[in-house]
Structures are given as structure tokens and as C-alpha cells.
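Q: Residue numbers (the numbering used here), protein chains in the order written: chain P, 1 to 351; chain W, 352 to 702; chain Y, 703 to 1053; chain S, 1054 to 1404.
My questions will all concern the structure given below.
Number of protein chains: 4
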Amino acid sequence: MERFRSSDGSLLSVGVVGLGYWGPNLLRGLIELPDLEVAYICDRSEECLNASARRYPSATPTTCYADLLDDPRLDAIVIATPVFTHFELAAAALRAGKHTFVEKPLAPSLAEAGELIELAQVRDLRLMCGQTFLYSPPVMAVKRLIELGELGDIFFISSSRVNLGLHQRDVSVIWDLGPHDFSMLLHWLDEVPESVAATGRDSIVPGICDVAFLSLQFPSGIVANVELSWLAPSKLRRTAIVGSNKMIVYEDGAPEPVRVFDRGVVYRDPETFGEYQLSYRSGDILSPRIDATEPLMTELAEFIGLIRTGDTSRHLELAREVVMLAEAAESSLATGGAPVAVGSHEQRSLV
Amino acid sequence: MERFRSSDGSLLSVGVVGLGYWGPNLLRGLIELPDLEVAYICDRSEECLNASARRYPSATPTTCYADLLDDPRLDAIVIATPVFTHFELAAAALRAGKHTFVEKPLAPSLAEAGELIELAQVRDLRLMCGQTFLYSPPVMAVKRLIELGELGDIFFISSSRVNLGLHQRDVSVIWDLGPHDFSMLLHWLDEVPESVAATGRDSIVPGICDVAFLSLQFPSGIVANVELSWLAPSKLRRTAIVGSNKMIVYEDGAPEPVRVFDRGVVYRDPETFGEYQLSYRSGDILSPRIDATEPLMTELAEFIGLIRTGDTSRHLELAREVVMLAEAAESSLATGGAPVAVGSHEQRSLV
Amino acid sequence: MERFRSSDGSLLSVGVVGLGYWGPNLLRGLIELPDLEVAYICDRSEECLNASARRYPSATPTTCYADLLDDPRLDAIVIATPVFTHFELAAAALRAGKHTFVEKPLAPSLAEAGELIELAQVRDLRLMCGQTFLYSPPVMAVKRLIELGELGDIFFISSSRVNLGLHQRDVSVIWDLGPHDFSMLLHWLDEVPESVAATGRDSIVPGICDVAFLSLQFPSGIVANVELSWLAPSKLRRTAIVGSNKMIVYEDGAPEPVRVFDRGVVYRDPETFGEYQLSYRSGDILSPRIDATEPLMTELAEFIGLIRTGDTSRHLELAREVVMLAEAAESSLATGGAPVAVGSHEQRSLV
Amino acid sequence: MERFRSSDGSLLSVGVVGLGYWGPNLLRGLIELPDLEVAYICDRSEECLNASARRYPSATPTTCYADLLDDPRLDAIVIATPVFTHFELAAAALRAGKHTFVEKPLAPSLAEAGELIELAQVRDLRLMCGQTFLYSPPVMAVKRLIELGELGDIFFISSSRVNLGLHQRDVSVIWDLGPHDFSMLLHWLDEVPESVAATGRDSIVPGICDVAFLSLQFPSGIVANVELSWLAPSKLRRTAIVGSNKMIVYEDGAPEPVRVFDRGVVYRDPETFGEYQLSYRSGDILSPRIDATEPLMTELAEFIGLIRTGDTSRHLELAREVVMLAEAAESSLATGGAPVAVGSHEQRSLV
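The following block contains the structure:
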């Protein structure tokens, strides 16, 4: 691997902001990457800061975000703070001339997501959103199978992402878990839903929706149902993709994360047969070998690569669309579950 | 068991109409019950008729339904024909003075369901709808756990009933598989949803919806999501019921069909703690012993019992509500997925 | 299918003896086969006899086995009685000139098994042993994969056949469940073990071993471990076959009964590398489509076919070897678990 | 937690030898424990040494074991080297006056295990063997259930410990994986088997047995079958314990590692009933909540505790018995699988 150096020949210098739940993983990943140094770690909580500082004494700990913004030698900032701070922190980073990596979702509103993207473009800085699942080997394997036409026409997708725990305090389960499914769906299908309907409930904390059932309608006719919940008897991350030719079950974390079912129903036209005929096909089931690479490392390496090459993140527009979907879903939830049109400047109720 | 005899002291005499997929099961069940005789078996298809006739030579086979209606010694008729014929055949049976058992759904429209109920009432005949799941030991065990308060407040229910195959020709998957979930939900929760939203698709046969995602909103605040499909990589009949105290997973046909999870999240009020506190509870998991009785037999015995005692079927009103839900779901599906109010004479769109 | 008729042109006439646990299955299978009639059903227990007689009124019920032996129109006898009666009943059937089907194991001793085979040969009658698993589609699929060389060299086989229940009164679990594994191993591997060791215990009924662990050593070097038990928390019928190229897991009754794992360890010789090298290979996992034919029907059709063609049962010698293995295993069990040589006239202790 | 200090008031000083597969885990665990310092890390391989040195710069890296022995300030040595070096390194440590922790098995022979124990006793030093499973919450939960009498009389135990990979170069699978099962069995049952029989095979590397089937006979009548293999289609660590009252399945790493089945067979004496009666009992299945503590940390804390209190390791005699069993199993394997008596000075063949 080539040495990644910033313009003046020194090692690329990165700061990490937010050391709560996910930040320490990003920090560990950055430390393991070659040819960069983590110059700062930053968190408002002294306790979180100290825990990371003990483990990585070479990074300067600080509770003051301005320290990062003001250091001219710092090349990039990686942000893993609560969602409602994403826009403010990322905008400040970009305005200070830093390449910026923000955990998903890119921003808490479509308008702010767009503003960040524009800011990066105007200042010619790299902006990337942490959508780890897009770098996960099973998700990539599914993408490849779809591209190869193995599934035929996709009819529908049914996904469950539920567990017990980790209630967020500032956002609903739609903003917390939804981006995982949204990013995968957008990536796999290469189209943006035209409408989203959402029902759900704030079972535990008043005002924070902790279970949601989403229904997405795509222009091609594909329907997707997504169940999101922080309240479930056991962890489940299962997505079924049903095509005219084959069906896939992707179950994250399972010993066989991708299973391809050579099953389907063949419809023969009534014009030929008088009455239509159905025949059921049930063939082999295949669990293809899936690489064991860690998606987080691939993702971070891509961010560093972007800084080196000057390319735009290939998933940045997708990151904006993810925010658009979350916003539309929230809007449907707020209005009692009616489908909401996606992709207009203002997301309108459909009915 | 006492002898069940009709008024004139002879054995109870029953005719079975419809010997396609489910009818032969009802026939076999009736044959095994004591103190009744299956006098007729009736189907339009000679092939179906002959298959059953060979097995049970004591019943008179006929392709003419009027033979049953006209025989004054026949006490009851059991109907397992396609959905669109339920009303016509059941109404004719009741008008001919026969006690009537109709497979679910009771009728293809709310109006017709209501008419059948009235007809039975006016003529003082027993009318019962075949909702086998209500007699299934796991469903009954779940009902008991709910009644005992084991779950605390129920927050939401998430159900999947999918398999590969058995596309119906006359009705959508909502009318075919939906009644199973509807009847269980109504039975467990003892309340009728105030609205239903449905999205779905006719993947295989044009005009016949073969996958549907339903969202039901109950007056108590409970939300239920129901996935129904004839297109799935593998058979799944799984219902998760999440309560404030415990959670249940009911999986029909599994070696442990009911599993009770002593898990949950406890919310402590911000008034006491400044900021609210959440604590996660994860205790034992119990698979209670479930009886092995066959629901079909219990159900048929109940029908025979009703004839003897003159009681009204305890699930008849529920059978009408099931039709009401299916109709509302179809209505939502037809109008693009907006929630439709349930329980009005005409099912209105909510938005 | 051609009509199977006995010499005088009439339908083939068969009698079934033993209507306890398995006999009714054989009876139902024979009834469903074309071109034969079940002339007699025979059992010592009036209760068992009546239960079958009600269902199949065309067969003459009798508690007297001689009725079958003495009827000159009866072509064949199917025996499903307790193991200790197999020899006596089968020998009598053969001596009376009847083609004979005996449930596994063929006889309770190697000597008697040999005598039956000789008797059939001398009298030119068909003798077949009911080894249903050999007709089971997954077992046949495994055989095909082995023959195609998919597994490479087979290293070892590990099998568990355990459940809760159905203690036999006259034989140990070795004679009851062992023949299933013995017949599959002999069929797949086409070689007879040279020694068997067995340990076990009579946990419940004094003197009746209800759990046994068998270790079979084959001439080719293959080792097989077989766990048999009537005492287990849950039913398990799982066989792992580990080869140099691929591995198979066969789990009877599972939704995917045969799974082929493209996994292994490659050993590279120290001569080339100084020290030996190992590399681990972990490829795709395949669940081939398995036919849904019922093994019992295939097996019975083969028996009827033998009578028609006059061929010798292709698994008759195997049936004798199964008895030989069971006898050797019992002998090892009795002497404290030392390996016992198989394949000598008298089975000698090895040590 | 109190401060653990050596006599002179300084922090307890520990050295770690062997940084291959398991050593780094012990090192990480020691680093996380309070009130001790890891003074040395030692390995013959510069590569292994450097990998750990980078992560923990405070420990002095060395390839020379004598550095540890010669440092009078070093209190204890933790050994995680290949099995054949255990005795030499541990004996040297004890002779140098260091408290000693040796990974399982304690030594490669019963004689050497005994010598280490004597050496520790004579010099009044703490000697402990790393038998991590004894500190694993599920194993402890099983022990508690047995002690409470939940299982009734234990009839037999059947265990599988198989995976694909990690062939050891110096020892067979019996010495590598066997100690896990041996230690659990000895701990649970509180008795030493009287004999062991083993069959197996060196499938991959000539002379290194990589699959073994062991049969252990306990004085109480309990029989245990243990399957050990480095060659398996998928990882499995499952132990079934069958008692007269209940049955347990312990599956390491499963979401529900301990499952208690209220199942069994009740035998009623022939004296009362004429013929004996069996009734099958099938009640609830319970997955008790299992703590999430890390066994490695509990184990290391216990070692440090022993140094402080001067107590003898409670599992030291068990560690010797584990070696005794492995030796007996190897001896049986070498002589063709005949049971070998355990517990004599020289392990004799039984037959």
C-alpha cells in the first residue's frame, strides 16, 4: 500500500470527534490504518475521552472542538456524535477547510444534508458519510448477484432490523436504524422510492418512536417493507429479496449471511392455455462463500483514498437520499401512516 | 362422550361440500368424530369426489348441491369451497334449515357476512366459521398468557405468514392468509382495529395480490404489522408480541411453538432522576409445554356441540370482524396504501 | 405401471403380519400400490387388528398366522412383528412357499439371518428386508455424491440418532436404531467394518440398553462413530461425512436434509516446504434439491417388482451384514467396550 | 477491589511467556486487571513479540526466558506456550520462586503434572492451570443445576467439540480439545472415570490424530461420549447431559447456551404392575439467564487472588486428572481402542 501523505509530505493527520458508542470503533480503525496519524480525539465527556486516551496515548485529547478546527496541520475530521449535531459540526469542519467524514445519517434534515454537500463542493473538500453496511461483504455479494441478473425481476423486499436495547435519546428508531436499510435498498436497487408510509409507536420513552413499520414504493413497482425496532425478544437482521428467478435471504451476523434460493412460481399465460397455469419451482439452495473483511476498515480506507485522489465519494448522493427517506418516513409517521411522496423539495402527503 | 343425536334420535347427519385442498381434512375429521355420520360428500369435480368416495364409501357422493339441501334427514352442511361461493352456498344451506359450518372467511363481503349471521339467527340455526387457529394449542396458550397479565401492556405485534405456493385463483393473499392473523389478533386483544393500511403487489398473476404488508392500529394504541405472502424462500409463520413485561414469539409448527422472553426496557421518569433513565432487563426464556391436540378436531367437536346445545358460536362475531378487516385492507391496497377506517358501515379512507 | 400379477393371472395377494407401530404404515403403503390386494391382516392383539380392519375392510383380519401360511392363493407375506419373532415367522413363510418381506433387522442373529437367506435361495422365493432408509431420497443423494467423488477420500463419519421415547421391550437400542445407521454406512461405503466397539447403558429398564456409543473401524481406514439413544432432550438424526474434498451433513427430516460443505484442510508435504504447510479451505455451502418421494412406497414397489421379475433383492447381503454388525456391537457392549472383530463366523473379541 | 501488592508493597509484577494464539488474550486480560503490572512479555518469535510490544509498550519484550527467571522483582509467570514445553518452563519458573500459571493441559504427562504440583507445594508457591471453561458462566450454571439435584441421577453425557481448523503441530486433538471436556466432566460429576476408550484418525497430518471419539466410564455408572475434531463442516460445541429428572443441553457460544428440558421416561416396577410400565414426560423447556462475565478475567483474577491469600488452586488436582485422562485416552488410541483403566500409576489396558 502506498504511503498516503498530505500535500506537504507529512502523514495525513486526522481528528476524531465523538467517543460514545461508535466513535471508539472508528478510532480503532483509523489507528490500524497505515500512513495516517490520529492527532486529536475530542468529546464533551471527560470520561469517554479518558477511556480512549489511555488506550491511544499518541492522540491529543480535548473537550474543545475548536482545537481541531484551528490546527492548520489537521487534514481531516471524523464525526461520530449524536445526529442532531452532525450538521453543525460537519459544516464547521468544512468551513475550516477539513475533509470530513460524518457517521450516518449525514444530517438531520434534507436541507442540511444538501447544504453540507454544496459546502464540500464549493471548497473542494472530501465529504463522506459513514454507511458501513455498503462495505459489508454480504451486502456487496447481494449487489453482485442482483447485477448479474441472478434474481430476475425483483418483486419485493422484506426486512427486519430489531434488537433489544440501545434506545437513542435524540432520534427515533427511523433515524437510528432506518439508514442501514435505506442505504442498502438504494444501493441494491439503484432507484429512489416514490413514496414511504410509516406506522409505529413510542412504547417506552414518550415522543421517541421505538418501533416502526415502513412501506416503500419504488417507481419500478418494487415494494419494500422494513421493520425497525429497539424492542424485540431477540436480535434479528434479516432481509428477504424475492425475484422472479431466485430469492435471497441476507441475515447479518449469521454463519451463512447470504443464502440464494432457486425457487419461484412460473406463470403461463392464459392465451396459450385457456386458463393460466402456475408451476412451482424449488431447486438448490446456495450459501456462497463470503469474505471476512471488516467493512469499517474498507470504508475508512476509502475515505483516506478520496483525500489522496481528490475523488468525490461515490455514495454521497445516496447519503442525501437516505436523509430524504428518513424525513419522509417521519413525516408519514406524524400524519398517521399515510404514504408520503419522496423526492419533492417539500415532502408532501400523498393523499 | 355423550351421544350426539338429532331430534328424532338418529345419529347427526352431515354433508361436506368442497373437496379440494382443505375439505378432505374436514371430511376426515368428521369421520373420526363419534356419533355422527357423513351422509353426503359433494364437489363439482368428479375427480375430487371420486378420490374421497374411494376412501369413505359410506358417504353418498354427488356433484349436485341440491341433493343435500333437499334431504330432510340431513342436519348440517360443512362448506369448504372457494371464497366467492361461501355466501351463496351457506345462505342456501341456512334457508334449507341446515346448521352450517363455513370455512374462513365467513363470506367475501361484510354485508354478506352480516346477512348470514342474521339468517342463522332468524331461523335459529347454528352457524360457525372455520377459524382453525383459534383452536390451536399454541394460540390458546398465548391467549392464556395474555389474560394472566404475563406480558404487561402489549406495545405491538409483528407477524409473518409466508410460504412458497398455493396461489389462490379467486382471492388475494389478504383474503387467503389474512384471516388467520386477523382472527388471532382479535381473539388475543379483544378489540377491533380502528384502521388498516395495506401495501402489496401482484407479482405473479395479474390482478391477484400475492404479497401484502398490513399495518393495523388498535384503539388501545397497539400497532400490528402483518406480512402475508405466497412468495417466500421458505415457510415462516412467526408472530412476535411485545409487552411491557414480557415478550412472546409464537412460531406455528416449530418444535417449541411458544417462547416467552422475560425481557424488556424499564423507563424511569425524568421527574425523579432529572433525566429519564432506561434499564434493560434480560431474564429467562421459557418454552412452555404445549398440548398436542389437533385444532381441527376441537373445532369440529365444538360445531357438533353447538348443534346439540343450541348455543351460538362464541367466535361468530369475530368471524364477521375478520371479513371487515379483510375488506378494509383490500380497500387500502386499492387506494395506494392510505389507512382505511374500520368499523363504519362503509369503510372510509382515513385521509 | 404394468399390472403385477401372479402366475395364475390374478392380482398379487399379500398378507401383513404385525400391526403395532410400523405395520400399519406398510399396510397403508401396500393398499396404495396398484395391482395387488391385501388379503390378510394378522396380529395377536385384537385391538391392533380391529383398528386396521375398520380402516381397510377388504382384508381378512385374523389372529392366527397359520391362516396365511395355509392359503394357497396368498403370494407374499410382509412381517412387521417384534425382532425376536422375525426368524420364526419368516422361516415359516418361506417354508410355506411365500415371498417374504421382513422389517429390519432381518433376524435377531447372524446364524438365523443366514438361514433365511439360504431358505429363500433353495426354494427360489423372494426375500427382502425392510431397510427404508436405503430408499430415502437424501440417503440416495449422499450415495450419488460419494460415487461422483465429490467428497474425495472419506476420513470419518459421525452420526447421532436420538430421540425421546419408544423404548422397545425385547431389544436394545442397538438392534432398534442401529440398523438404520448400519445400512446407510454399508450402502455408502461399500465395505464392512473390521471391528466394532460399543459402550452404553440401561438407564431406564434394567437389562435393556437405551443409549449406546458405537465406534466402527473400516478396512479402508474410515472411522465411524454412531450415537444411538431413546433418551434425548430432542430428536436428532444427523450424520456428518467428512472427506478430503468436501463434507456432507445429512439431517433427516430437516428442511434441507443434505448440505454439502466445500471445506477442508490441504496438507502440503514437508519434503517440498521444509516443514509441512496446512491451508484451510472454506467455500460455498450447497443444499441440493431433494426429491419428495416416500421411501416406504419405493421400497414396497421394489419388493413387488422382485416377485414379478424373480430378481434377488440387491440389499439382502447388506441386511445380513447389518445383523452381523448389531451382533458384534452387542458382544462388545457385553464385554465392557473392547473392539470386537466383525466378519468371522463367531465374532471374536479383538484384544 | 483491594490493591494486590507483593510483600514489599509494590504492584504485583507478572511476565507472560508465549504470544502465539492464546497468549495475547491472557496478556490483554492481565493488562485490564487492576493492581498488577505486566513487566515482561516473552516469545521466541520476534514477530509475535513485536505485535504485542506495539500494543503494550509498558512491558519489556524479550526472547530470553531467563530474563524473567532472573528478575527478583518478578512475582509470577503466565505460560501459554506449546504443550510439550509446559513442564520445562513451569518447573523452571517454580524453581526460580515464581508463582506460576500454565495454560491447559498442566503438563504433557501425568508424571510431570505431579512433579509440578509437588514442586509448588514444597516451595510454597501458587500453581494454577488455565482451565477457562471452569469459569465460564454456562458451565457454572450447569454445575449449580446439578448440585441442586435438578437433573436427578445423571445417566449419560454426550459431547461434541468440533470445528474446522487450528491443527496443532505438537499434540493430537485429544490433548488440544480434550482438556476442555475433561475439566468440565470432572468438575460437574465430582468423580474420575475408571476407564477411557478412544478411537480416531490422523486424517491430514501423518501421526497427528485430528478426530477422536472417546468413551468414558465413571464409577457411578455414568457413561460419557466425547467427540473431538479439527475437521468439521461447522463449529459445534454441544454437550447433552441426560438425567432421570431433567436433561440439559449446553451449547457454548449459542444465544441460549444452557437449555433445561423437563423431559424423561418414568419406569414403573413390574412387581406392582405385572409387566413394567413406561410413561414419557415432556414438560417445559427453560433457557435460564446466563451472566455475561468473561471467564478469562474471572480465572486470572482468581490466580492473582491466590497469590494474595496463599490459598491452593481449587482446580489443581482436577488439572492433574485432566492430564491423566488425556494420557489414558492416547494410550487407548494407540492400542486400537480398547478401554484403558484410569487412576493407576501406570495406565493399564483393561482387557
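Heads up, the beta-carbon is just placed ideally off N, CA and C, and yes, glycines get one too.
Note that the coordinates shown come from a computational prediction; the quantities given were computed from them, not determined experimentally.
Put residue 178 of chain P into one of helix, strand or coil per three-state DSSP.
A: The residue given as residue 178 of chain P occupies position 178 in the first sequence. Residue 178 of chain P: helix per DSSP, three-state reduction.
Q: To the nearest angstrom, how far is it from the Cα of residue 1 of chain P to the Cα of residue 22 of chain P?
A: As a position in the first sequence, residue 1 of chain P is number 1, starting the count at 1. As a position in the first sequence, residue 22 of chain P is number 22, starting the count at 1. Because residue 1 of chain P sits at a pLDDT of 32, beneath the cut-off of 50, its placement in the model cannot be relied upon, and the point is left open.
Q: With DSSP as the reference, label residue 199 of chain P as helix, strand or coil.
A: Here residue 199 of chain P refers to the residue found at position 199 of the first sequence. Residue 199 of chain P: strand per DSSP, three-state reduction.
Q: For a quick check, are the C-beta atoms of residue 745 of chain Y and residue 721 of chain Y less than 7 Å apart?
A: Along the third sequence, read from residue 1 onward, the residue named residue 745 of chain Y stands at position 43. Along the third sequence, read from residue 1 onward, the residue named residue 721 of chain Y stands at position 19. Yes, the Cβ-Cβ distance between residue 745 of chain Y and residue 721 of chain Y is below 7 Å.
Q: If you measure beta-carbon to beta-carbon, which residues of the region 626 to 649 of chain W are closer than 8 Å to chain S?
A: Residues passing the 8 Å Cβ filter: 633, 634, 635, 636, 637, 638, 639, 640.
Q: So, is the C-beta of residue 819 of chain Y closer than 7 Å to a C-beta in chain S?
A: As a working note, residue 819 of chain Y is residue 117 in the third sequence. Closer than 7 Å: no.
Q: Please return the same chain residues whose Cβ sits closer than 7 Å to the Cβ of residue 705 of chain Y, not counting the five positions on each side in sequence.
A: The sequence position of residue 705 of chain Y within the third sequence is 3, counting from 1. With a pLDDT of 36 at residue 705 of chain Y, under the threshold of 50, the predicted position of this residue should be treated as unreliable, though the coordinate-derived value follows. 737, listed in sequence order.
Q: Sorted by chain position, which residues of the same chain lie with C-beta nearer than 8 Å to residue 232 of chain P's C-beta, five sequence neighbours on each side aside?
A: On the first sequence, residue 232 of chain P is found 232 positions in, with the first residue counted as 1. Here the set comprises 162, 163, 164.
Q: Relative to the C-alpha of residue 643 of chain W, which candidate in W:606, W:676, W:664, W:627 has its C-alpha closest?
A: For the purposes of this step, residue 643 of chain W is identified with residue 292 of the second sequence, where counting begins at 1. When only C-alpha atoms are compared, the closest one is W:606.
Q: According to DSSP, is residue 365 of chain W part of a helix, a strand, or is it coil?
A: Taking the second sequence and counting its residues from 1, one reaches residue 365 of chain W at position 14. Strand, per DSSP.
Q: Leaving out the 5 sequence neighbours to the left and right, which residues in its chain are closer than 8 Å to residue 30 of chain P when beta-carbon positions are compared?
A: Locating residue 30 of chain P in the first sequence gives position 30, counting from the first residue. Closer than 8 Å at Cβ, skipping near neighbours: 14, 16, 36, 38, 78, 300.
Q: Report the rounded CA-to-CA distance for residue 1119 of chain S versus residue 1262 of chain S, giving the unit in angstroms.
A: As a position in the fourth sequence, residue 1119 of chain S is number 66, starting the count at 1. As a position in the fourth sequence, residue 1262 of chain S is number 209, starting the count at 1. Taking the straight line from one Cα to the other gives about 34 Å.
Q: Around the Cβ of residue 1299 of chain S, are there at least 16 other Cβ atoms within 10 angstroms (buried) or fewer (exposed)?
A: Here residue 1299 of chain S is taken as the residue at index 246 of the fourth sequence, counted from 1. Its Cβ being crowded by 16 or more others within 10 Å, residue 1299 of chain S is buried.
Q: Secondary structure at residue 76 of chain P, three-state DSSP: helix, strand or coil?
A: Position 76 of the first sequence holds residue 76 of chain P. Note: residue 76 of chain P maps to strand in three-state DSSP.
Q: So, does the region 962 to 973 of chain Y touch the region 247 to 266 of chain P, judging by three or more C-beta pairs under 8 Å?
A: Too few Cβ pairs lie closer than 8 Å, so no.
Q: Return the bridge partner residues of residue 448 of chain W from the DSSP annotation.
A: Along the second sequence, one-based indexing puts residue 448 of chain W at 97. The partner list for residue 448 of chain W (beta bridge, DSSP) is empty, contrary to what the question assumes.
Q: Just list the residues that DSSP pairs residue 225 of chain P with in beta bridges.
A: Reading the first sequence from its first residue, position 225 is the one you call residue 225 of chain P. Paired residue(s): P:158, P:215.
Q: Can you tell me whether DSSP reads residue 204 of chain P as helix, strand or coil?
A: Locating residue 204 of chain P in the first sequence gives position 204, counting from the first residue. If DSSP states are grouped into helix, strand and coil, residue 204 of chain P belongs with coil.
Q: Are there 16 or more other CB atoms within 10 angstroms of the CB of residue 48 of chain P, so buried, or fewer, so exposed?
A: Mapped onto the first sequence, residue 48 of chain P falls at position 48. Buried, by the Cβ-count rule.
Q: Is the region 659 to 674 of chain W touching the region 461 to 475 of chain W, taking contact as three or more C-beta pairs under 8 Å?
A: Touching, yes, given that three or more Cβ pairs across the two stretches are closer than 8 Å.
Q: For residue 65 of chain P, report the span of its alpha helix (DSSP H) as first-last.
A: Residue numbering aside, residue 65 of chain P sits at position 65 when the first sequence is read from its first letter. That run of the alpha helix (DSSP H) goes 65 to 70.
Q: Three or more beta-carbon pairs under 8 Å between the region 1373 to 1380 of chain S and the region 1230 to 1237 of chain S, yes or no?
A: Verdict: yes, contact present.
Q: Could you compute how far the alpha carbon of residue 902 of chain Y sits from the alpha carbon of residue 594 of chain W?
A: The count along the third sequence starts at 1 and reaches residue 902 of chain Y at position 200. The count along the second sequence starts at 1 and reaches residue 594 of chain W at position 243. Residue 902 of chain Y and residue 594 of chain W: Cα-Cα distance of roughly 47 Å.
Q: Which chain Y residues are close to residue 256 of chain P, counting only those with a beta carbon under 8 Å from its beta carbon?
A: Your numbering for residue 256 of chain P matches position 256 in the first sequence. The contacting residues are 987.
Q: Which residues does DSSP list as the beta-bridge partners of residue 282 of chain P?
A: The residue labelled residue 282 of chain P in the question sits at position 282 within the first sequence. DSSP lists P:263 as partners of residue 282 of chain P.
Q: Any residues in the region 511 to 542 of chain W with a beta carbon nearer than 7 Å to a beta carbon of chain P? Which ones, in chain order?
A: Those would be 515, 516, 518, in chain order.
Q: Go through its chain and collect everything with a Cβ distance to residue 151 of chain P's Cβ below 6 Å, but skip five positions before and after it.
A: Along the first sequence, one-based indexing puts residue 151 of chain P at 151. 243, 245, 246.
Q: In this structure, how does DSSP classify residue 1184 of chain S when only helix, strand and coil are distinguished?
A: Sequence index remark: in the fourth sequence, residue 1184 of chain S carries index 131 (1-based). Of the three classes helix, strand and coil, the one that applies to residue 1184 of chain S here is coil, per DSSP.
Q: Starting from residue 582 of chain W, find everything on chain P with Cβ-Cβ shorter than 7 Å and list it in chain order.
A: Residue numbering aside, residue 582 of chain W sits at position 231 when the second sequence is read from its first letter. Near residue 582 of chain W (Cβ distances below 7 Å), the residues of chain P are 155, 242, 265.
Q: Determine, using beta carbons only, whether residue 1066 of chain S comes closer than 7 Å to chain Y.
A: For this step, residue 1066 of chain S is matched to residue 13 along the fourth sequence. Residue 1066 of chain S does not count as touching chain Y.
Q: Would you identify the three-state DSSP class for residue 126 of chain P, choosing helix, strand or coil?
A: In the first sequence, residue 126 of chain P corresponds to position 126, counting from 1. DSSP places residue 126 of chain P in coil when its eight states are reduced to three.
Q: Can you list, in chain order, the residues of the region 1181 to 1211 of chain S whose Cβ is nearer than 9 Å to any Cβ on chain Y?
A: Those would be 1206, 1208, 1209, 1211, in chain order.
Q: Could you name the residues of chain Y that residue 1268 of chain S contacts, counting a contact when the two beta carbons are closer than 7 Å?
A: Indexing the fourth sequence from 1 puts residue 1268 of chain S at position 215. Those are 901, 915, 1039, listed as they occur along chain Y.
Q: Go ahead and label residue 1011 of chain Y buried or exposed: buried means 16 or more other beta carbons lie within 10 angstroms of its beta carbon, across all protein chains shown.
A: Within the third sequence, numbered from 1, the residue matching residue 1011 of chain Y stands at position 309. So residue 1011 of chain Y counts as exposed.
Q: With residue 382 of chain W as the anchor, note down where its alpha helix (DSSP H) starts and where it stops.
A: Within the second sequence, numbered from 1, the residue matching residue 382 of chain W stands at position 31. Residues 374 to 383.
Q: Per DSSP, which one or two residues make a beta bridge with residue 103 of chain P?
A: Locating residue 103 of chain P in the first sequence gives position 103, where the first residue counts as 1. DSSP lists P:130 as partners of residue 103 of chain P.
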